[in-house]
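Novice:
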Amino acid sequence: MSKQYDPSRQFQTIAEASRTTGLSQYFLRRGCWDNSIPHIRAGATKYLINVPLMMQRLNEQSEVGAQAKA
16 MSKQYDPSRQ
26 FQTIAEASRT
36 TGLSQYFLRR
46 GCWDNSIPHI
56 RAGATKYLIN
66 VPLMMQRLNE
76 QSEVGAQAKA
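Right, dumping it as structure tokens:
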């Protein structure tokens with residue numbers, strides 16, 4: 016039985032989060048390394064990204080950036 020891709024899951028692997036959000040795996044991986052993306056580690060090398068929280072933070076940052084330009 017193989018695991019099904021479910022874009023509505025809160026915690027997703029880097030590959031799944033990339034597929035869901037359109038952000039590159041490199042961007043997501045670097046964000047996990049520098050703690051700018053909300054995640055948990057599952058084992059030594061597997062990262063699970065909190066996609067709804069990440070999207071909320073990105074939206075907040077884009078709003079702040081838009082206000083700064085206005």
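In our numbering, the protein residues as written are 16 to 85. Quick reminder that beta carbons are idealized off the backbone N, C-alpha and C, glycines included. Every value quoted in this text rests on a predicted model; they were computed, and no experiment measured them.
Count the other CB atoms within 10 Å of the CB of V79; is the residue buried (16 or more) or exposed (fewer)?
Specialist: exposed
Novice: How about P67 and Q25: are their beta carbons less than 8 Å apart?
Specialist: yes
Novice: Considering only C-alpha positions, which residue in the set D21, T28, S23 is nearest to G58?
Specialist: T28
Novice: Return yes when the Cβ of M70 is within less than 8 Å of the Cβ of P53, no when it is not.
Specialist: no
Novice: What are the residues that DSSP puts in a beta bridge with Q19?
Specialist: Per DSSP, none; premise fails for Q19.
Novice: Cβ of I64 within 8 Å of Cβ of A30?
Specialist: Result no, Cβ atoms of I64 and A30 do not sit closer than 8 Å.
Novice: With a CB to CB cut of under 6 Å and the five nearest residues on each side skipped, what residues in its chain are close to D21?
Specialist: none
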